[in-house]
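Numbering of the sequence shown is given in my numbering, commencing with residue 129 and proceeding in unit increments. The C-beta atom is built at its ideal place from N, Cα and C for all residues, glycine as well. A quick write-up on the structure given underneath.
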Amino acid sequence: MLVGTDILSPHGIIIDLNSGIAKITSREDITISVSTHSKGSRTLSIVKSAQNVNIIPGQYTRVPIQPQKDLPTNRDFLFKPYAAHRVTVYSHIVDHQKNEIHFYNPTSFLVKINNNNNNKLGLIVEFEFKGRFLAKPESESFAARTSRLSAAIKKTIHP
Numbered sequence: 129m130l131v132g133t134d135i136l137s138p139h140g141i142i143i144d145l146n147s148g149i150a151k152i153t154s155r156e157d158i159t160i161s162v163s164t165h166s167k168g169s170r171t172l173s174i175v176k177s178a179q180n181v182n183i184i185p186g187q188y189t190r191v192p193i194q195p196q197k198d199l200p201t202n203r204d205f206l207f208k209p210y211a212a213h214r215v216t217v218y219s220h221i222v223d224h225q226k227n228e229i230h231f232y233n234p235t236s237f238l239v240k241i242n243n244n245n246n247n248k249l250g251l252i253v254e255f256e257f258k259g260r261f262l263a264k265p266e267s268e269s270f271a272a273r274t275s276r277l278s279a280a281i282k283k284t285i286h287p
């Protein structure tokens, strides 16, 4: 748990890491044990398609993925998509079992995602709890990475 100074000072919380205790002086001197640990190394995995996929115009499609390296089993990560040509790709909160990424094709063209080594879909990185994520369909614009062509089409259709 992260505790900021906006909480520590008003509640009279004194943290002594050498002793491994925190004392809350505003509430009858409550004492609790605390511990610290290192976060570990930052994980960075390049994500590529596991197979060739055709995305039909105006459709959402799940694209199977194959991360480049193993992820720890007890943590969440963030899939950060690269901007893709003619499709919309969303940020995803993922774990070691994630095996697909959602794509949307807003165009009137069939889009092909190939599973060759040069076709990188995005990165899996440490989840830093910053930014906005898709919570409901009305909020999709916060999480989307849309190609310039798709954005231009949307502006033309919906000025």
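Inset, instruction - Check whether the Cβ atoms of S177 and P200 sit closer than 8 Å, and answer yes or no. - result: no
Inset, instruction - Would you decide whether Y210 is buried or exposed? Buried here means 16 or more other CB atoms lie within 10 Å of its CB. - result: exposed
Inset, instruction - Would you mind stating whether I183 and V217 have Cβ atoms separated by less than 8 Å? - result: no
Inset, instruction - Inspect the beta-carbon positions of N233 and V215 and report whether they are closer than 8 Å. - result: yes
Inset, instruction - For the beta strand (DSSP E) containing E228, list its first residue and its last residue. - result: 228-232
Inset, instruction - Report yes if the C-beta distance between H224 and F207 is below 8 Å; otherwise report no. - result: no
Legend entry - Where the beta strand (DSSP E) through P209 begins and ends: 205-209
Legend entry - For L136, three-class secondary structure by DSSP: helix
Legend entry - Buried/exposed call for G250, threshold 16 Cβ in 10 Å: buried
Legend entry - Rounded separation between K226 and T235 - CA only: 27 Å
Inset, instruction - Could you check if I158 is buried or exposed, using at least 16 other CB atoms within 10 Å of its CB as the buried criterion? - result: exposed
Legend entry - Residues near F237 by beta carbon distance below 8 Å, same chain, minus five either side: P185, R214
Legend entry - Three-state class that DSSP yields for Q187 in the structure shown: coil
Legend entry - Closest Cα partner of K181 within the set T189, I252, V175: Note on residue identity: the sequence assigns Val, not Lys, to residue 181. The option with the nearest alpha carbon to V181 is T189.
Inset, instruction - List the DSSP bridge partners of G250. - result: V175, P209
Legend entry - Residue of F255, S173, I141 minimising C-alpha distance to T153: I141
Inset, instruction - Output the distance between the C-alpha atoms of F205 and H165, rounded to the nearest integer angstrom. - result: 19 Å
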